[in-house]
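Down below is the structure, laid out as structure tokens.
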Amino acid sequence: MLEVNVLGLSIATREAVSDMERRGVAGHVVHVSSMAGHRIPGTASGMYAASKFAVRALTEGLRRELRERQSAVRVSAISPGYVDTEFSAVFAGAPGAPADLTRRLKVLEPDDVAAAIVWIVGQPPHVEVHDVLVRPTAQKN
23 MLEVNVLGLS IATREAVSDM ERRGVAGHVV HVSSMAGHRI PGTASGMYAA SKFAVRALTE
83 GLRRELRERQ SAVRVSAISP GYVDTEFSAV FAGAPGAPAD LTRRLKVLEP DDVAAAIVWI
143 VGQPPHVEVH DVLVRPTAQK N
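For the sequence shown, the working numbering assigns the number 163 to the last residue and increments by one with no breaks.
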């Protein structure tokens, strides 16, 4: 979990920012965090939450580094709540658990998260959206 959510994100971000700055592009990095990066959702999700808290810290650290360098690259994060993806079955620990949940309440679709990202990157150059929390209206935590 740490290798994917923290190390992988860090390496991909380093390479993207280096490439944007080398080419003089006023680009935008969007980190995908999670509502779990703002609170610990359950007793068995401490490591996942820790990795997503780290994403938030890395996003803010990068934002500060970029501002100090007066880089044209912006950085943002999005923290979705429950999204209907393949990861849901892995995280729930049981293949049928996500299907049961999506029958009980309307969860986010991947397109909902994509639309929020499009909104983030569509802001004018003087606007840097730092973190967007998005969750289904029926999600309690």
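C-beta atoms are modelled at their ideal positions from N, C-alpha and C, and glycine is treated no differently.
Euclidean distance between Cα positions of residue i and residue j
| i | j | result |
| --- | --- | --- |
| Ala-48 | Asn-27 | 25 Å |
| Gly-46 | Ser-93 | 9 Å |
| Phe-75 | Arg-96 | 20 Å |
| Gly-103 | Met-23 | 18 Å |
| Lys-162 | Ala-58 | 13 Å |
| Arg-61 | Ser-73 | 12 Å |
| Gly-79 | Val-105 | Reading the sequence as shown, one finds Ala at residue 79 and not Gly. Going by the C-alpha atoms only, they are around 22 Å apart. |
| Ile-100 | Ser-67 | 19 Å |
| Val-54 | Val-77 | 8 Å |
| Arg-85 | Gln-145 | 16 Å |
| Ala-160 | Glu-131 | 13 Å |
Opposing strand residues paired with residue i [DSSP bridges]
| i | result |
| --- | --- |
| Asp-153 | Ala-99 |
| Leu-130 | Val-105 |
| Val-52 | Ser-98 |
Burial state of residue i, where buried means 16 or more other Cβ atoms lie within 10 Å
| i | result |
| --- | --- |
| Val-140 | exposed |
| Ala-136 | exposed |
| Pro-63 | buried |
| Val-143 | exposed |
| Ser-40 | exposed |
Coil, strand or helix - residue i by DSSP
| i | result |
| --- | --- |
| Lys-162 | coil |
| Arg-45 | helix |
| Gly-30 | helix |
| Ile-62 | coil |
Residue i Cβ short of 8 Å to the ligand NAP heavy atom set
| i | result |
| --- | --- |
| Ser-40 | Judged by which ligands are present, the structure shown has none, so any question about the ligand NAP falls away. |
Any C-beta of chain D under 9 Å from that of residue i
| i | result |
| --- | --- |
| Ala-136 | Absent from the structure: chain D. Only one protein chain is present. |
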